[in-house]
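Engineer: Let me begin by handing over the structure; questions about it come next.
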Amino acid sequence: MQPHELVYGLGLQLLSFAQRGKKKVVRVNADPKVDTGDSHAPVPFYVTTAGVGILVDTARYATFYFGDARPKPEQAISSVSSANPDPAYTHNLEDAAAAQVTIEVPRTRGVDVYLFAGPTMLDAVRRYNVFSGGGHLPPEWGLGFWYRCDARSTEDSALALARSFRERKIPCDVLGLEPGWQTHAYSCTFVWEKERFPDPARFLAQAKHSNYRVNLWEHAFTHPASPLFPPLQKKSADYGVWGGLVPDFADPAARQIFGNYHGTQLIDLGVSGFKLDECDNSDFTGGWSFPETSRFPSGLDGEQMHSLFGLQYQKTIWDQFLSREQATYNLVRSSGALAAPYPFVLYSDLYGHRDFIRALVNSGFSGLSWCPEVRDAVSVEDLLRRLQSVVFSPLAMVNGWYIKSPPWHQLNRELNNSGQQMEDWENVEAQCREIIGWRMSLVPYLLSAFHRYRLDGTPPFRAMILDYPSDPTLQKVDDQYMIGDRMMVAPMFAGEPSRSVVIPAGESWHDFWTGKAIPGGSVLKLDAAHDKIPVFVKSGSIVPWADVGLHAEAPEGKRISARLYGDASRTFTMGDSPDTLHLDGNHSHSTIHSPRYTVYEWKQIG
Ligand code: GAL
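Pasting the structure below:
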């Protein structure tokens, strides 16, 4: 490493951002408590400000020493002045003249190392994503709003909730069912619980009739009462988890058995996708996963399988949608290398709002997608701030798996479950409705960012340093991020009196909401009275802002207000097909190319 060269990546790191000077182990763990490299989705890939990316192709828990392994001193010296210590022994590693990266890959006889050349760090990330197969492109409905129902839901209660969203004008595209849809969960049978869901086909048809997709929770550990148990018995690990089998997803035959069942029994019935839970190991929760010493019939051991389990599980499910040529968008708790094409978004049981934003910022270095989901909240401010963040993320979701009513009825988990609504819940609901509406308005812009992800690997959500690699003020910024090519988001955190936002130098910006011009190279201080989430756009931007429909495919979502900032010289293009939106403010308004969208106004915002 050169002097001042900085290192980023290693997958979904929740606890740190710039990695130079650190030692990290890429170990799969659902409870990263300390900043040692543990993650739901560690990836043995990193990029540096020198404009290179390095992928170490291993499923071992490799250790990366990013300049913290130091050369041995060669010469004795006669004395050292304590007032002026030798700079070689200070700990300011980032300023060290030069350093090396050392990577230890245990229990292996050799690995392939891939070098992705820039010239910029963002180019190295793009090449890595394109090498992976290109980024995924979610269906429109996947970019709408998701709500995961209480785990005790029944057909009737889930449909009643769906109806209430429509009646109360809360946009929603996807209803998620949690463990209670199955006869047994932990481990799973993958069979509908008939008391709660007496007629799954009817339930799915009714949901579809109201333009809802249904997503099913599960994990892979297969209960002895599952129809999948007999065919998987010999195709699974020598250890079990929660009394179920651990399928050997490295064996194509096992993937086929598991996948086919999902395809014919669930996808063909109308299920739009899955939430693949608990595939990420945990060392801190007893009996939670299989040990590293496990053996799988394919020849992998438990350590290798932990690194690959999330990916192979995704592949097992995604193959079923691919063979049906059916678009899908899903959730998963673990992932790994080369995952950009997989239509799966990561989430976590941890709940630190700041850590969730750092995860979002870090995810873009390694081809991952992340959802900072909302559950309960300690205050109305906390609920609103979290909701604001999640609607500016790859997947906008409230996960109500342990609360009976949506959190805007009652924030507190116990009170929520005992049926007590907050006094001013309608007011809180109205604010949430508005925020969810922003998400619906943003869908065309998000689609354009994901189109680019698919075509050239540009992460739709990414750290500021990727776009401004030589700006020293952005090297440590892990709480602001870019969406697409022209939008920057800086979430606010409840309880914090203010936050500063670094406005990148070199171009001028506007406040997205008010249009106020902001010079590049400045630092804004925003106090907690700032009720909207701070969003900024580059001067010259055209941003499509759709009307709010009750689901993403509703006609309102095709009616666009074109928001113009500055001279509107930054043409907006969505994707590569002539069927999509193209807005050119510089020429005349008549250059809108789209049979699907109408632009009903061109609004100069700032
Ligand atoms: C957790 C998961 C939660 C919820 C829960 C249900 O592992 O992260 O979102 O699905 O399981 O038991």
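Per our numbering, the very first residue in the sequence shown carries number 377; after that it's consecutive.
We put the CB at the ideal spot given by N, CA and C, even for glycine.
To which residues of the same chain is residue 539 closer than 8 Å at the C-beta, ignoring the five residues directly before and after it?
Structural biologist: Start at 1 with the first residue of the sequence shown, and residue 539 comes out as number 163. For residue 539, where only same-chain residues beyond five positions count, the Cβ hits under 8 Å are 586.
Engineer: Counting only runs of 3+ residues fully inside the segment 832 to 881, write out the beta strand (DSSP E) ranges in chain order.
Structural biologist: The segment 832 to 881 contains these whole beta strand (DSSP E) runs: 837 to 839, 857 to 859, 863 to 865, 874 to 878.
Engineer: Would the C-beta of residue 772 count as close to the ligand GAL, meaning under 7 Å from any of its heavy atoms?
Structural biologist: Looking up residue 772 in the sequence shown gives position 396. Flag unset: Cβ of residue 772 not near the ligand GAL.
Engineer: Sorry if obvious, but does the Cβ on residue 987 come closer than 7 Å to a heavy atom of the ligand GAL?
Structural biologist: The question about residue 987 has no answer here: the residues shown for the chain are numbered 377 through 982.
Engineer: Measuring from the CB of residue 568, is there a heavy atom of the ligand GAL at a distance below 7 Å?
Structural biologist: Your numbering for residue 568 matches position 192 in the sequence shown. Result no, Cβ not under 7 Å from the ligand GAL.
Engineer: Cα-Cα, which of 565, 501, 957, 594 is closest to residue 490?
Structural biologist: Indexing the sequence shown from 1 puts residue 490 at position 114. Nearest option by C-alpha distance: 501.
Engineer: Helix, strand or coil: which one does DSSP assign to residue 632?
Structural biologist: Indexing the sequence shown from 1 puts residue 632 at position 256. The answer is helix: DSSP assigns residue 632 an H, G or I state.
Engineer: Taking the straight line between their C-alpha atoms, what separation do you get for residue 913 and residue 941?
Structural biologist: On the sequence shown, position 537 is the one that residue 913 refers to. On the sequence shown, position 565 is the one that residue 941 refers to. One C-alpha to the other measures close to 8 Å.
Engineer: Is residue 792 near the ligand GAL - that is, is its Cβ less than 7 Å away from at least one heavy atom of it?
Structural biologist: Position 416 of the sequence shown holds residue 792. No, the beta carbon of residue 792 sits no closer than 7 Å to any heavy atom of the ligand GAL.
Engineer: Excluding the 5 residues preceding and the 5 following residue 566 in the sequence, name in chain order all residues of the same chain whose CB lies nearer than 8 Å to its CB.
Structural biologist: Looking up residue 566 in the sequence shown gives position 190. Closer than 8 Å at the Cβ level, and outside the excluded window around residue 566, lie 558, 594, 598, 602, 603, 604, 637, 638, 641, 642.
Engineer: Hey, could you find the ends of the beta strand (DSSP E) residue 772 is sitting in?
Structural biologist: For the purposes of this step, residue 772 is identified with residue 396 of the sequence shown, where counting begins at 1. Note, residue 772: beta strand (DSSP E), 772 to 775.
Engineer: Assign residue 520 to one of two classes, buried (16 or more other C-beta atoms within 10 Å of its C-beta) or exposed (fewer than that).
Structural biologist: Locating residue 520 in the sequence shown gives position 144, where the first residue counts as 1. Classification for residue 520: buried.
Engineer: CB residue 874 to CB residue 854, shorter than 8 Å?
Structural biologist: The count along the sequence shown starts at 1 and reaches residue 874 at position 498. The count along the sequence shown starts at 1 and reaches residue 854 at position 478. No, the pair does not count as a contact, with Cβ atoms beyond the cut-off.
Engineer: Tell me, which residues are paired with residue 385 by DSSP?
Structural biologist: Indexing the sequence shown from 1 puts residue 385 at position 9. Looking at the DSSP assignment, residue 385 forms a beta bridge with 422.
Engineer: What distance in whole Å lies between the Cβ atoms of residue 851 and residue 394, which are believed to be in contact at a cut-off of 8 Å?
Structural biologist: As a first step, residue 394 is located in the sequence shown; it is residue number 18 there, counting from the start. As a first step, residue 851 is located in the sequence shown; it is residue number 475 there, counting from the start. The pair is a contact, with the Cβ atoms about 6 Å apart (cut-off 8 Å).
Engineer: Apart from the five residues just before and just after residue 439, which ones in its own chain have a Cβ nearer than 6 Å to its Cβ?
Structural biologist: Locating residue 439 in the sequence shown gives position 63, counting from the first residue. Taken in chain order, the residues that qualify are 401, 480.
Engineer: Nearer than 7 Å: is that true of the beta carbon of residue 594 relative to any heavy atom of the ligand GAL?
Structural biologist: In the sequence shown, residue 594 corresponds to position 218, counting from 1. No, since every heavy atom of the ligand GAL falls outside the 7 Å radius drawn around the Cβ of residue 594.
Engineer: Considering only the beta carbon of each residue, do residue 692 and residue 649 sit closer than 8 Å?
Structural biologist: Along the sequence shown, one-based indexing puts residue 692 at 316. Along the sequence shown, one-based indexing puts residue 649 at 273. Cβ atoms of residue 692 and residue 649: not closer than 8 Å.
Engineer: Using DSSP's beta-bridge definition, name the partner residues of residue 801.
Structural biologist: Position 425 of the sequence shown, counted from the first residue, corresponds to residue 801. Partner(s): none; residue 801 has no beta bridge.
Engineer: Residue 920 and residue 821 look like a contact to me (Cβ under 8 Å); what is the Cβ gap, rounded to whole Å?
Structural biologist: Stepping through the sequence shown from its first residue, residue 920 is reached at position 544. Stepping through the sequence shown from its first residue, residue 821 is reached at position 445. The Cβ separation is near 6 Å, so the contact holds.
Engineer: According to DSSP, simplified to helix, strand and coil, what is residue 565?
Structural biologist: Residue mapping note: residue 565 aligns to position 189 of the sequence shown, counting from 1. Correct three-state label for residue 565: coil.
Engineer: Just the C-alpha distance for residue 784 and residue 737, rounded to the nearest angstrom, thanks.
Structural biologist: Residue numbering aside, residue 784 sits at position 408 when the sequence shown is read from its first letter. Residue numbering aside, residue 737 sits at position 361 when the sequence shown is read from its first letter. Approximately 27 Å, taken between the alpha carbons.
Engineer: Write down every uninterrupted run of the alpha helix (DSSP H) in the segment 509 to 563 whose length is 4 residues or greater and which is fully enclosed by it, in chain order.
Structural biologist: 531 to 543, all fully within the segment 509 to 563.
Engineer: In terms of alpha-carbon separation, which member of 658, 629, 669 lies closest to residue 615?
Structural biologist: Here residue 615 corresponds to residue number 239 of the sequence shown, with the count starting at 1. Checked all of 658, 629, 669; the closest Cα to residue 615 is 669.
Engineer: Skipping 5 residues on each side, what residues in its chain have a beta carbon closer than 7 Å to that of residue 924?
Structural biologist: Working through the sequence shown from its first residue, we reach residue 924 at position 548. Within the same chain, residue 924 has close Cβ partners 547, 813, 816, 817, 932.
Engineer: Which two residues bound the contiguous alpha helix (DSSP H) that contains residue 600?
Structural biologist: Position 224 of the sequence shown, counted from the first residue, corresponds to residue 600. Premise fails: residue 600 is in no alpha helix (DSSP H) and is neither H nor E.
Engineer: As a quick exercise: from 564, 384, 554, pick the residue whose alpha carbon is nearest that of residue 592.
Structural biologist: Taking the first residue of the sequence shown as position 1, residue 592 is located at position 216. Closest by alpha carbon: 554.
Engineer: By alpha-carbon positions, which one of 552, 612, 721, 879 ends up nearest to residue 588?
Structural biologist: Walking along the sequence shown from the start, residue 588 turns up at place 212. Checked all of 552, 612, 721, 879; the closest Cα to residue 588 is 552.
Engineer: Output the distance between the C-alpha atoms of residue 881 and residue 626, rounded to the nearest integer angstrom.
Structural biologist: Start at 1 with the first residue of the sequence shown, and residue 881 comes out as number 505. Start at 1 with the first residue of the sequence shown, and residue 626 comes out as number 250. If I take the Cα positions, the gap works out to 48 Å.
Engineer: Secondary structure at residue 606, three-state DSSP: helix, strand or coil?
Structural biologist: By 1-based counting over the sequence shown, the position of residue 606 is 230. In the structure shown, residue 606 sits in a helix (DSSP, three-state: H, G or I).
Engineer: Exposed or buried, which one is residue 906 when buried takes at least 16 other CB atoms within 10 Å?
Structural biologist: Translated into positions along the sequence shown, residue 906 becomes position 530. By the 10 Å Cβ count, residue 906 comes out exposed.
Engineer: Might you give, ordered along the chain, the residues of its own chain that have their beta carbon closer than 6 Å to the beta carbon of residue 365, omitting 5 neighbours on each side?
Structural biologist: No statement about residue 365 is possible, as the shown extent of the chain runs from 377 to 982 and does not include it.
Engineer: If we count the other Cβ atoms within 10 Å of its Cβ and call it buried at 16 or more, is residue 901 buried or exposed?
Structural biologist: Along the sequence shown, one-based indexing puts residue 901 at 525. The residue is exposed, with fewer than 16 neighbouring Cβ atoms inside 10 Å.
Engineer: Evaluate residue 466 with the Cβ neighbour count: other Cβ atoms within 10 Å of its Cβ, from every protein chain shown; 16 or more gives buried, anything less gives exposed.
Structural biologist: Taking the first residue of the sequence shown as 1, we reach residue 466 at position 90. Legend: pLDDT at residue 466 = 48, less than 50; position of this residue unreliable, value from coordinates given subsequently. Classification of residue 466: exposed, given that the 10 Å Cβ count is below 16.
Engineer: Would you tell me roughly how many angstroms separate the C-alpha atoms of residue 446 and residue 922, rounded to the nearest one?
Structural biologist: By 1-based counting over the sequence shown, the position of residue 446 is 70. By 1-based counting over the sequence shown, the position of residue 922 is 546. Between residue 446 and residue 922, the C-alpha separation is close to 54 Å.
Engineer: Below 7 Å CB to CB, which residues in the same chain sit around residue 474 once its five sequence neighbours on both sides are set aside?
Structural biologist: Taking the first residue of the sequence shown as position 1, residue 474 is located at position 98. 377, 378, 379, listed in sequence order.
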